[in-house]
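Visitor: Once you've had a glance at the structure underneath, I'll fire off some questions.
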Amino acid sequence: NAGVMQNPRHLVRRRGQEARLRCSPMKGHSHVYWYRQLPEEGLKFMVYLQKENIIDESGMPKERFSAEFPKEGPSILRIQQVVRGDSAAYFCASSLRTGTSNSPLHFGNGTRLTVT
Amino acid sequence: DAKTTQPPSMDCAEGRAANLPCNHSTISGNEYVYWYRQIHSQGPQYIIHGLKNNETNEMASLIITEDRKSSTLILPHATLRDTAVYYCIVRRSGSGNTGKLIFGQGTTLQVKP
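Sequence order for the protein chains is A and B. Take 3 as the starting number for the first sequence in our numbering and just add one per residue. Take 37 as the starting number for the second sequence in our numbering and just add one per residue.
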């Protein structure tokens with residue numbers, strides 16, 4: 003059973019370009035979470051999605067960032083007009099269910115975004 | 037979600053047990069204790085979780101005090117590959133909760149030869 007797959011592993015963008023980060027959850031998982039880790043800092047929650055729905059986006063920056071999890075295909079984290087401060091590791095996690103909290107989140111190995 | 041307190045760093049000799057403490061004095065009845073670790077430049081790795089009973093799996097044991105205000109993660113025979121940042125997280129359960137994990141600063145465990 004494949005784990006959470008994120009691609010690309012490394013992404014370099016110039017200031018002002020768009021970055022698209024993809025996350026394929028574990029098989030059978032319909033809950034996806036995105037986290038950001040700035041250099042030398044901790045992991046910060048960004049957004050939680052179920053299929054076709056954003057459930058909690060309390061950690062998302064108000065501008066330039068968006069996320070989706072379509073009925074078919076991977077979840078996408080999109081950053082428009084990137085700035086140097088967006089340089090970070092972005093991690094995706096998936097879980098089987100959430101209500102009981104007895105279902106762990108499983109993380110991918112992240113996408114490292116570098117903005118030049 | 038309840039806040040957790042962990043020591044910022046610990047050392048452990050290779051082959052010995054590593055005991056990582058965590059305080060969660062404000063934990064409520066429907067909150068689980070989860071442990072993750074992050075080895076440099078990798079994604080967080082799930083280790084173990086529990087509600088009130090002690091738990092054991094192939095990676096570690098989790099000891100939760102009877103009042104649930106603290107817990108200890110035990111790696112029975114630490115190896116150099118166990119060097120990582122270990123996170124203790126309290127996670128709320130029940131319908132209507134998103135199940136998101138809130139990471140603190142964790143404990144940096146250094147396993148030494």
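Think of the CB as a built atom: it goes at the ideal place given N, C-alpha and C, for glycine as much as any other residue.
What are the partner residues of Gly150(B), as DSSP defines its beta bridges?
Guide: Here chain B comprises residues numbered 37 to 149, so residue 150(B) is not present and cannot be evaluated.
Visitor: With distances taken from CA atoms, which of Leu45(A), Ala95(A) and Gly18(A) is nearest Arg24(A)?
Guide: Measuring from the Cα of Arg24(A), the nearest candidate turns out to be Ala95(A).
Visitor: If we count the other Cβ atoms within 10 Å of its Cβ and call it buried at 16 or more, is Gln39(A) buried or exposed?
Guide: Its Cβ being crowded by 16 or more others within 10 Å, Gln39(A) is buried.
Visitor: Is the region 53–72 of chain A close to the region 44–62 of chain B, with three or more CB pairs under 8 Å?
Guide: They do not touch, by the three-pair rule.
Visitor: Tell me whether Gly87(A) sits in a helix, a strand or coil according to DSSP, three-state version.
Guide: Helix.
Visitor: Could you list which residues in chain A have their beta carbon closer than 8 Å to that of Lys105(B), in chain order?
Guide: By Cβ distance, chain A contributes nothing, its closest Cβ being about 19 Å from Lys105(B), past 8 Å.
Visitor: Please confirm if the region 113–131 of chain B is in contact with the region 70–77 of chain B, defined as three or more CB-CB distances below 8 Å between the two stretches.
Guide: Output reads yes: the region 70–77 of chain B touches the region 113–131 of chain B.
Visitor: Just the chain B side, please: which residues come within less than 8 Å of Asn123(A) by C-beta, in chain order?
Guide: Because chain A spans 3 through 118 in this model, residue 123(A) falls outside it and cannot be assessed.
Visitor: Would you decide whether Val117(A) is buried or exposed? Buried here means 16 or more other CB atoms lie within 10 Å of its CB.
Guide: With 16 or more Cβ atoms within 10 Å of its Cβ, Val117(A) is classed as buried.
Visitor: Quick one: give me the first and last residue of the beta strand (DSSP E) that His12(A) is part of.
Guide: Where His12(A) is concerned, the enclosing beta strand (DSSP E) stretches over His12 to Arg15.
Visitor: Is the beta carbon of Val147(B) sitting closer than 9 Å to the one on Leu116(B)?
Guide: Closer than 9 Å, so yes.
Visitor: Hey, is the region 101–115 of chain A in contact with the region 7–20 of chain A, meaning 3+ C-beta pairs nearer than 8 Å?
Guide: Yes, since at least three Cβ pairs between the region 101–115 of chain A and the region 7–20 of chain A fall closer than 8 Å, the two stretches touch.
Visitor: Measure the C-alpha to C-alpha separation of Leu13(A) and Ala21(A) and round it to an integer number of angstroms.
Guide: Whole-angstrom Cα-Cα distance: 8 Å.
Visitor: Using DSSP bridges, identify the partner residues of Thr40(B).
Guide: According to DSSP, Thr40(B) bridges with nothing at all.
Visitor: Using only the alpha-carbon positions, how far apart do Tyr82(B) and Ile75(B) sit?
Guide: Straight-line Cα distance between these residues: approximately 12 Å.
Visitor: List the residues of chain A whose Cβ lies closer than 7 Å to the Cβ of Tyr122(B), in chain order.
Guide: In chain order: nothing, as chain A lies at least about 13 Å away.
Visitor: Within 10 angstroms of the Cβ of Thr143(B), are there 16 or more other Cβ atoms? Answer buried if so, exposed if not.
Guide: Thr143(B) should be labelled buried.
Visitor: Quick one: grab the DSSP three-state call for Leu98(B).
Guide: In the structure shown, Leu98(B) sits in a strand (DSSP, three-state: E or B).
Visitor: In whole angstroms, what is the alpha-carbon distance linking Leu51(A) and Phe139(B)?
Guide: Rounded to the nearest angstrom, the two C-alpha atoms are 19 Å apart.
Visitor: Return the residue from the list Leu145(B), Gln141(B) and Arg128(B) that minimises the CA-CA distance to Pro106(A).
Guide: Measuring from the Cα of Pro106(A), the nearest candidate turns out to be Arg128(B).
Visitor: Once you ignore the five residues that flank Pro145(B) on each side, which residues in its own chain have a CB closer than 7 Å to its CB?
Guide: Note on identity: in this sequence residue 145(B) is Leu, with Pro being the wrong assignment. The residues are Met46, Cys48, Ala54, Leu56, Asp118, Thr119, Ala120 and Tyr122.
Visitor: Beta carbons nearer than 8 Å to chain B: which residues of the region 9–26 of chain A have them?
Guide: Answer set for the region 9–26 of chain A: empty.
Visitor: For Ile138(B), go through chain A and note every residue whose CB falls closer than 8 Å to its CB, in chain order.
Guide: Neighbours of Ile138(B) on chain A, chain order: Phe47.
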